[in-house]
Amino acid sequence: MSASLQSFVQQRLDDRRAQQLYREHKNLTAAPNPVAVVDGRELITFSSNDYLGLATHPQVIAAQQRGAELGAGATASHLVNGHFDIHQQLQHKIAELTGREAALLFGSGYMANVGVIGALVGRGDYVVQDKLNHASLIDGGRLSGAQYLRFAHNDLDALERQLQRVSGQQRAAGSGKILLAVDGVYSMDGDTAPLAEMAALCQTYDVWLMVDEAHGFGVMGSERFPCAGSVAAAGLDQDSAPIVMGTLGKAAGNGGAFVAGSRALIDYLTQYARTYIYTTGMPPAVAAGSLRALELMQEQPLAQTLAARVSYFRERAAKLGLPLENSTSAIQPLVLGCEKTVLQVAETLRQSGFLVGAIRPPTVPAGTARLRITLSAVHTESQIDALLAALVAALAATELPV
Ligand SMILES: *Cc1c(COP(=O)(O)O)cnc(C)c1O
Numbered sequence: 069m070s071a072s073l074q075s076f077v078q079q080r081l082d083d084r085r086a087q088q089l090y091r092e093h094k095n096l097t098a099a100p101n102p103v104a105v106v107d108g109r110e111l112i113t114f115s116s117n118d119y120l121g122l123a124t125h126p127q128v129i130a131a132q133q134r135g136a137e138l139g140a141g142a143t144a145s146h147l148v149n150g151h152f153d154i155h156q157q158l159q160h161k162i163a164e165l166t167g168r169e170a171a172l173l174f175g176s177g178y179m180a181n182v183g184v185i186g187a188l189v190g191r192g193d194y195v196v197q198d199k200l201n202h203a204s205l206i207d208g209g210r211l212s213g214a215q216y217l218r219f220a221h222n223d224l225d226a227l228e229r230q231l232q233r234v235s236g237q238q239r240a241a242g243s244g245k246i247l248l249a250v251d252g253v254y255s256m257d258g259d260t261a262p263l264a265e266m267a268a269l270c271q272t273y274d275v276w277l278m279v280d281e282a283h284g285f286g287v288m289g290s291e292r293f294p295c296a297g298s299v300a301a302a303g304l305d306q307d308s309a310p311i312v313m314g315t316l317g318k319a320a321g322n323g324g325a326f327v328a329g330s331r332a333l334i335d336y337l338t339q340y341a342r343t344y345i346y347t348t349g350m351p352p353a354v355a356a357g358s359l360r361a362l363e364l365m366q367e368q369p370l371a372q373t374l375a376a377r378v379s380y381f382r383e384r385a386a387k388l389g390l391p392l393e394n395s396t397s398a399i400q401p402l403v404l405g406c407e408k409t410v411l412q413v414a415e416t417l418r419q420s421g422f423l424v425g426a427i428r429p430p431t432v433p434a435g436t437a438r439l440r441i442t443l444s445a446v447h448t449e450s451q452i453d454a455l456l457a458a459l460v461a462a463l464a465a466t467e468l469p470v
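Numbering-wise (this note's numbering), the sequence shown opens with residue 69 and increments by one.
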């Protein structure tokens with residue numbers, strides 16, 4: 069390595085360590101179910117996004133194994149020869165579950181967000197985002213070349229001020245499209261966006277609404293579309309919330325992502341989303357596993373089980389005086405503020421047999437380091453009780469006020 073590269077890299081690594089922000093992999097032998105062997109130790113895992121336990125569901129794994137018989141890989145991009153019947157079936161199933169005309173598969177949620185934003189807006193346009201949006205939406209906005217505007221988290225007044233500002237600029241310039249992109253459920257906070265109010269603002273200002281359902285798809289919805297996500301839960305449909313992105317690597321337990329919307333929107337993205345066009349198609353095993361996972365979401369009351377676990381966790385945690393956030397989703401953060409404390413508590417929990425996420429900046433804003441506890445339909449009440457007891461003990465050991 070050249071001396072200047074070596075010293076640049078070393079300096080940046082030293083900075084990260086000094087700030088308590090250095091990250092390390094944990095090595096698991098297999099997906100948590102929710103127990104996992106982590107660096108040689110058995111831990112009950114409360115950090116995965118496999119909210120319904122589908123990553124380890126025998127029928128999902130069997131479907132992936134059958135899917136692998138179609139080929140280990142897709143062998144080309146979707147538009148060359150990498151689009152199989154199984155992909156088509158999965159797209160139909162996603163459209164059915166989300167109540168949309170059509171859906172398009174992407175290699176990951178990150179790629180879907182970057183591809184969709186870049187396909188819809190560019191130089192001379194505007195993209196408006198919540199400050200706590202996921203990094204992939206932020207990066208998609210930046211890469212698109214559109215003017216980038218942010219608003220305070222879930223603050224409808226701040227959002228409306230930005231929309232007034234950009235529609236003024238838009239009129240002055242004589243053109244410019246406006247895209248509003250938000251997380252439906254916030255990945256590090258677990259709270260939901262006020263989507264119905266946002267959709268109304270979008271109507272008023274002629275703004276296109278894009279919702280990232282990474283943490284909503286599969287676990288919430290409406291009576292008619294119980295697994296569709298936060299958009300359906302907010303009473304919105306394809307007209308009021310035209311662009312929906314969801315992932316297949318979280319509640320669906322597999323990997324990859326999709327965009328769902330009108331037939332015309334999906335046709336457009338097929339032609340113009342560069343992260344769809346210039347990449348190898350989804351491996352058929354992943355498509356087959358995802359399809360089975362989505363069928364299981366329809367056939368079994370997994371989302372209700374998850375909701376019961378979340379309520380149980382919140383009830384018990386409140387009784388213990390733990391500082392819960394305003395979240396009714398599977399994501400239950402405990403904001404401790406200081407990076408060092410978060411690392412210390414996470415380490416103590418690990419010694420007691422539990423794995424939770426220690427989330428620090430830059431993933432979350434400075435001063436809001438937190439434990440990100442996630443619940444799954446496969447957690448038992450006694451596992452939740454055991455975690456809470458260990459948590460109370462770990463917090464007491466750091467002499468934090470609980
Ligand atoms: C995880 C996540 C993504 C990215 O999805 P991947 O399929 O993991 O790339 C996008 N948005 C949000 C809100 C997420 O939590």
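The beta carbon of each residue, even a glycine, is placed where N, CA and C say it ideally should be.
Values in this document were obtained by computation on a predicted structure and should not be read as measured data.
Ligand 1 heavy atom lying under 7 Å from the CB of residue i
i: G314; result: no
i: G471; result: It is not possible to answer for residue 471, since the shown part of the chain is limited to 69 through 470.
Limits of the unbroken beta strand (DSSP E) element including residue i
i: T442; result: A437 to T442
i: V279; result: W276 to D280
i: E92; result: Note, E92: premise wrong, no beta strand (DSSP E); not H, not E.
i: T315; result: I311 to T315
i: E110; result: R109 to T113
i: A325; result: A325 to G329
i: R428; result: Run containing R428: none; DSSP gives neither H nor E here.
i: Y194; result: Y194 to D198
i: V234; result: First-last for V234: L224 to A241, but that is the alpha helix (DSSP H), not the beta strand (DSSP E).
i: Y216; result: Q215 to F219
i: V106; result: V103 to V106
i: A445; result: Run containing A445: none; DSSP gives neither H nor E here.
i: V148; result: From DSSP, V148 is part of no beta strand (DSSP E); its letter is neither H nor E.
i: L173; result: A170 to F174
Assumed close pair residue i, residue j - CB separation to whole angstroms, cut-off 8 Å
i: A319; j: F285; result: 6 Å
i: M473; j: A249; result: Absent from the structure is residue 473, since the part of the chain shown begins at 69 and ends at 470.
i: M350; j: G324; result: 5 Å
i: P102; j: V446; result: 5 Å
i: A355; j: H160; result: A355 to H160, Cβ: 12 Å. No contact.
i: G135; j: G357; result: 6 Å
i: L224; j: P262; result: 6 Å
i: A458; j: S420; result: 4 Å
i: A300; j: G167; result: 7 Å
i: Q197; j: R218; result: 6 Å
i: D207; j: D251; result: Rounded, the Cβ-Cβ distance is 14 Å, inconsistent with contact.
i: L247; j: V189; result: 5 Å
Where the alpha helix (DSSP H) through residue i begins and ends
i: Q159; result: D153 to T166
i: L211; result: A203 to S212
i: G177; result: G177 to L188
i: E363; result: P352 to E367
i: G405; result: Looking at the DSSP string, G405 is not in any alpha helix (DSSP H); the run it does join, the beta strand (DSSP E), is I399 to G405.
i: Y344; result: R342 to I345
i: A434; result: Premise fails: A434 is in no alpha helix (DSSP H) and is neither H nor E.
i: V77; result: A71 to A86
i: L122; result: From DSSP, L122 is part of no alpha helix (DSSP H); its letter is neither H nor E.
i: F381; result: L370 to K387
i: V460; result: E449 to A465
From the options, residue whose alpha carbon lies closest to that of residue i
i: Y254; options: H221, I246 and R229; result: H221
i: T62; options: L304, V327, A309 and Q306; result: The structure shown has nothing for residue 62, since the chain only spans 69 to 470.
i: G321; options: S444, T448 and H93; result: S444
i: E367; options: Q127, A140 and C406; result: Q127
i: G297; options: L165, L374 and I246; result: L165
i: E137; options: G209, F152 and A144; result: F152
i: A203; options: F219, V182, K245 and G175; result: V182
i: G186; options: K245, A144, F422 and G317; result: K245
i: H146; options: L172, A131 and L122; result: L172
i: Q157; options: V105, G405, G389 and A353; result: A353
i: V195; options: Y178, V275, G141 and Q271; result: V275
i: K199; options: D193, A241, M256 and G192; result: M256
i: A98; options: L111, R91, Q88 and D259; result: L111
i: R84; options: L463, A461 and P429; result: P429
i: L362; options: L402, G317, A341 and L337; result: G317
i: G175; options: G141, L404, L390 and A332; result: G141
i: K408; options: D107, L188 and L463; result: L463
i: S116; options: E92, I399, T143 and G389; result: I399
i: A268; options: L402, A332, A302 and F422; result: A302
i: Q87; options: D453, C406, A414 and L423; result: C406
Beta carbon proximity, residue i to chain C, threshold 8 Å
i: L388; result: The structure shown contains no chain C; it holds only a single protein chain.
Nearest-residue set for ligand 1, Cβ under 5 Å from any heavy atom
S176, G177, Y178, H202, S204, D251, S255, D280, A282, T315, G317 and A325
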